[in-house]
Amino acid sequence: MTDTFDPKQYAYRVSAAGRVNLIGEHIDYCGGKVLPCALSLKNTVYVRPNGTDRINISWTDLDETVTLEIGRLDSYRDLKHAKYHAGSAYLWQQAGHKLVGCDMVHDCTVPFGSGLSSSAAIEVSTIAALAAVAGEEFDRVEVALIAQKAEHEYAGVNCGIMDQYASACGKARHAMLLDCKTLACEYIPVDLLGCTLVIANCNKPHNLVESKYNERRAETETALRLLGKKLAVDCLAEIKPYQLEEYRAILPPVIYRRAKHVVEECERVRLASIAMRRGNMEMFGELLNASHASLEKFYEVTGKELDSLAHAAQSHVACLGSRMTGAGFGGCTVSLVRKDGVESFKAYVAEVYERETGYRPTFYQADIADGIVVEQL
Ligand code: GLA
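Our numbering numbers the first residue of the sequence shown as 6 and each following residue consecutively.
Structure (structure tokens):
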């Protein structure tokens, strides 16, 4: 594919972002507030109408073309790479939008399976590209909601809205304080005052993420069902830490631990957004560390590799805080590091982590960027 690909032959270039979540992990599906940023790592789609009733998909880095028939979009759930595209197109169509036959080339710079939301970037950019080539205006929030449905129905992950929302609605140089219950979003300028964010991939090949993720989500639903008998709440995020302690006895121990993470993480997000607005990087960093500890101990989604990577980072003198980001069970950490110490930080973390686990981490260079970008070519 790469040999013949000429961007000038396409009508639009449409991209959507990967994301890093700064804090607020595993609480989007409990109605909590989260604090992600969209990244310059993104999925870009080059698209042009082809006058047929088919969508042809190819990739800059795969020697493969997949053809989807617009009238049969429901029948492609088993495709390895194109199921995300097929699911997105199908659910967009089901929501009443027009689809036109087109050729699309995908170019993804979000590393797969890294916890930086490559699948959200693919789903969101596919929908935005389909809308652009059909001459439709689109609403970013609707695109995010449909992309989330595609993830549920085609990828089998019962995810919250954070990733798709950040991928669609992100804003350069801003973090997004997203209320996952109401979808209200406040953009907070990211000024890290002499610090920078370092994203590191633990590079552990992970599997069963989907089933473990769905299991955690089900556990929070059990917690809400049990606590809902005592408290008038619609979601776990509405429960205060002291209320959870009051009703601790009615919860099985494992369900209590999951709920404890959720209600305390909500409180950490509140404090972290204050710290960010005030430029209090020490406080922000401490909250990152506390979030990781809770994901390790109470939510149990980290594992040996992410723990080693985060702990190595936390022990470096230039690091103010570090935590896993995304679903966990592998993937990335995000660390707040003084700019003048970044090189020594990376060398130290790589050495300690490799010694402890046998894997070498990868560090990514990325800026905080916009969500969907549509350009006419
Ligand atoms: C994945 C999901 C999100 C969110 C995070 C954990 O990235 O797609 O909805 O639940 O895990 O915070």
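Ideal Cβ positions, reconstructed from N, Cα and C, are used throughout, including at glycine. Source: prediction; values computed, not measured.
Assigned exposure category for residue i - 16 Cβ within 10 Å defines buried
i, result
"His321", "buried"
"Thr9", "exposed"
"Glu270", "buried"
"Glu30", "buried"
"Gly140", "exposed"
"Asp168", "buried"
"Lys265", "buried"
"Asp312", "buried"
"Ile373", "buried"
"Glu3", "This structure leaves residue 3 out entirely; the chain is present only between 6 and 382."
"Gln319", "buried"
"Phe117", "exposed"
"Leu382", "exposed"
"Ala149", "buried"
"Ala21", "buried"
"Lys103", "exposed"
beta-carbon residue i near the ligand GDP non-hydrogen atom, thresh 8 Å
i, result
"Ser122", "Of the ligands one can find in the structure shown, namely the ligand GLA, none is the ligand GDP."
C-beta atoms of residue i and residue j nearer than 9 Å
i, j, result
"Ala371", "Ser45", "yes"
"Ile204", "Tyr369", "yes"
"Thr362", "Glu310", "yes"
"Gly335", "His179", "no"
"Ala160", "Tyr95", "no"
"Leu40", "Leu183", "yes"
"Ser93", "Ile151", "yes"
"Val378", "Leu202", "no"
"Cys240", "Leu231", "no"
"Leu27", "Thr367", "no"
"Glu147", "Ala91", "no"
"Cys185", "Lys344", "no"
"Ile260", "Glu224", "yes"
"Trp97", "Ala136", "yes"
"Asp66", "Asp112", "yes"
"Val138", "Pro12", "no"
"Gly346", "Thr307", "no"
"His297", "Ala315", "yes"
Straight-line Cα distance separating residue j from residue i
i, j, result
"Gln14", "Lys47", "21 Å"
"Cys174", "Gly376", "5 Å"
"Asp3", "Glu243", "Because the chain in this structure spans residues 6 to 382, residue 3 falls outside the shown range and cannot be described."
"Val357", "Val268", "33 Å"
"Ala317", "Thr338", "11 Å"
"Tyr364", "Cys207", "7 Å"
"Ile279", "Met286", "11 Å"
"Gly233", "Thr187", "20 Å"
"Lys177", "His86", "A quick correction: the sequence has Ala, not Lys, at residue 177. About 29 Å."
"Val50", "Thr114", "12 Å"
"Ala295", "Arg263", "15 Å"
"Glu142", "Gly56", "20 Å"
"Glu250", "Leu256", "10 Å"
"Arg282", "Arg145", "26 Å"
"Ala355", "Lys209", "14 Å"
"Gln153", "Pro258", "31 Å"
"Tyr353", "Phe303", "28 Å"
"Glu272", "Phe350", "29 Å"
"Glu380", "Tyr252", "53 Å"
"Met181", "Ala189", "10 Å"
"Arg384", "Ala254", "Nothing can be reported for residue 384: it is not among the residues displayed for the chain, which extend from 6 to 382."
"Cys35", "Glu158", "20 Å"
"Ser299", "Thr227", "19 Å"
"Val238", "Tyr170", "24 Å"
"Glu348", "Val52", "40 Å"
Whole-number beta carbon distance between residue j and residue i, since they are thought to touch under 8 Å
i, j, result
"Arg77", "Asn163", "Contact flag wrong, Cβ pair sits at about 25 Å."
"Gly37", "Val274", "7 Å"
"Gly284", "Leu198", "5 Å"
CB contact below 9 Å: residue i versus chain B
i, result
"Tyr159", "The chain inventory of the structure shown lacks chain B, comprising one protein chain alone."
Three or more C-beta pairs below 8 Å linking the segment 207-219 and the segment 77-87: Not touching, per the Cβ criterion.
Touch check for the segment 323-336 and the segment 285-300: three-plus C-beta pairs under 8 Å? Between the segment 323-336 and the segment 285-300 there are three or more inter-stretch CB-CB distances shorter than 8 Å, so the stretches are counted as touching.
Please confirm if the segment 55-74 is in contact with the segment 115-129, defined as three or more CB-CB distances below 8 Å between the two stretches. No, they do not touch.
Three or more C-beta pairs below 8 Å linking the segment 130-142 and the segment 189-199: The segment 130-142 is not in contact with the segment 189-199.
Are the segment 87-107 and the segment 53-61 touching by the rule of at least three beta carbon pairs closer than 8 Å? Counting C-beta pairs with one atom in each stretch, the segment 87-107 and the segment 53-61 have three or more that are closer than 8 Å, which means they touch.
Contact the segment 238-258 vs the segment 15-29: 3+ CB pairs below 8 Å: Taking a contact to require three or more Cβ pairs closer than 8 Å, the segment 238-258 and the segment 15-29 do not qualify as touching.
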